[in-house]
Amino acid sequence: MKRVRTFAIAVLLLPTFAFAFAASARAQVDQSSEAASPFEMNNAYHIQGGDQIAIAIDDDATLAQNVTVLDDGTIDLPLIGTLAVGGMSPQAAAHAIARRLAVYMRRPQVVVSVVKEGVLEVTVLGDVKAPGKYELRSQGRLLDAIAAAGGVADVETGVYPDARIATPGGGDVATISLENLLQRGDTSLDVPLQQGAIVYVPGRMTFTVHVLGAVDKPGTIVVHEGDRLSIAIAAAGDSRQANSDLNRIALTRHFPNGTVGTYRVDLYPALERGDERYDVLLKPGDEIFVPEANGRTTGEGFFSTLLYMLGSLLHI
462 MKRVRTFAIA VLLLPTFAFA FAASARAQVD QSSEAASPFE MNNAYHIQGG
512 DQIAIAIDDD ATLAQNVTVL DDGTIDLPLI GTLAVGGMSP QAAAHAIARR
562 LAVYMRRPQV VVSVVKEGVL EVTVLGDVKA PGKYELRSQG RLLDAIAAAG
612 GVADVETGVY PDARIATPGG GDVATISLEN LLQRGDTSLD VPLQQGAIVY
662 VPGRMTFTVH VLGAVDKPGT IVVHEGDRLS IAIAAAGDSR QANSDLNRIA
712 LTRHFPNGTV GTYRVDLYPA LERGDERYDV LLKPGDEIFV PEANGRTTGE
762 GFFSTLLYML GSLLHI
């Protein structure tokens, strides 16, 4: 019988998408001032890629505009060009814009308001109740992602595993103790997530599957309970040299009653849309054959990026 402590349940049932867009600010800048601004103080909300912000200047309707913050945290405005506002509070962003405009205007007054929060797309895999791709609020954190995926699936022993987090662009994989976060209430471990992050929660039990064909390391692969087809492919390796065709994978499964079934799987919908119906849940003894590609396959670049991230999660 699963044992989930009261604290873990309370945390995971916190509303994931609740958010109030009350953050707005006014900044007035002296052109000659380069001192630290009082608007640089910390605030509850910090602008993220995908957010839509409204900018008003000197209460002049002709200068007002709405802009969408790019994924790299920048905006592009007339006169001042590209400006990085990602991670800033609305107050700090208003001050930064006013400081740039001070070259052209005397004491510009700038108001910045967050009118629509962007979404953060993350993928949650492994031993969770509903693995897949999820949209979180732009400042989503690890607990938001795990809650969106229904929580950790197997906690019969009462001990939570370590979650692993990979982000696009490479870098170190973050390892977070869910035991300390969920059971001991260490909220400092509820780390913010980046756009495109993958959260992997390994299951407690392990078993083997066989991956053959056009992969880097064909043979027997050790996987965790709750792992899916994409995990096995990532563990076996999908480099450009392997020339894998992930649109035509053959999965052979041996059932307890002695029957054998072979299924063709197109992994692209699973990875691109987070559709778990295509990312088959693995069973002990599964045999996976990856054919060699004849030319370019659907989603080739997307496959390479995501499977590289999955591979980094497995090889730490």
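In our numbering, the protein residues as written are 462 to 777.
Note that beta-carbon positions come from the ideal geometry of N, C-alpha and C, so glycine has one too.
Same chain only: Cβ atoms within 8 Å of residue i, ignoring 5 sequence neighbours per side
| i | result |
| --- | --- |
| Gly510 | Val530, Leu531, Asp532, Asp533, Gly534, Gly547, Gly579, Ser599 and Gln656 |
| Val589 | Ile607, Ala610, Gly611, Gly612, Val613, Ala614, Val662 and Gly687 |
| Val634 | Arg625, Ile626, Ala627, Ser773, Leu774 and Ile777 |
| Asp651 | Arg602, Leu603, Leu604 and Leu642 |
DSSP-derived helix/strand/coil call for residue i
| i | result |
| --- | --- |
| Ser599 | coil |
| Tyr565 | coil |
| His507 | coil |
| Asn641 | helix |
| Gln778 | Given a span of 462 to 777 for the chain in the structure shown, any question on residue 778 remains unanswerable. |
| Leu538 | strand |
| Leu775 | helix |
| Thr648 | helix |
| Glu748 | strand |
| Leu732 | helix |
| Leu742 | strand |
Close beta carbons around residue i, own chain, < 6 Å, minus the five adjacent residues each side
| i | result |
| --- | --- |
| Met549 | Ile508 |
| Lys577 | Gln513 |
Per DSSP, the bridge partner or partners of residue i
| i | result |
| --- | --- |
| Ser705 | Glu753 |
| Ile626 | Ala635 and Val660 |
| Gly593 | Val585 |
| Ser691 | According to DSSP, which records beta bridges pairwise, Ser691 is partnered with nothing at all. |
| Ile710 | Val726 |
| Leu544 | Ile536 |
| Thr681 | His671 |
Delimiting residues of the alpha helix (DSSP H) encompassing residue i
| i | result |
| --- | --- |
| Ala517 | No alpha helix (DSSP H) contains Ala517, which is instead part of the beta strand (DSSP E) from Gln513 to Ile518. |
Segment limits, beta strand (DSSP E) that includes residue i
| i | result |
| --- | --- |
| Ala522 | Asp521 to Thr529 |
| Leu581 | Val580 to Gly587 |
| Ser574 | Gln570 to Lys577 |
| Gly674 | Thr667 to Gly674 |
Cutoff 7 Å; reference residue i; Cβ partners in own chain excluding five residues on either side
| i | result |
| --- | --- |
| Pro569 | Val490, Ile518, Asp519, Ala559, Leu562 and Ala563 |
| Ser653 | Checking the sequence, you will find Pro at residue 653 rather than Ser. Excluding sequence neighbours, Pro653 sits near Gln600 and Arg602. |
| Ser638 | Asp623 and Leu650 |
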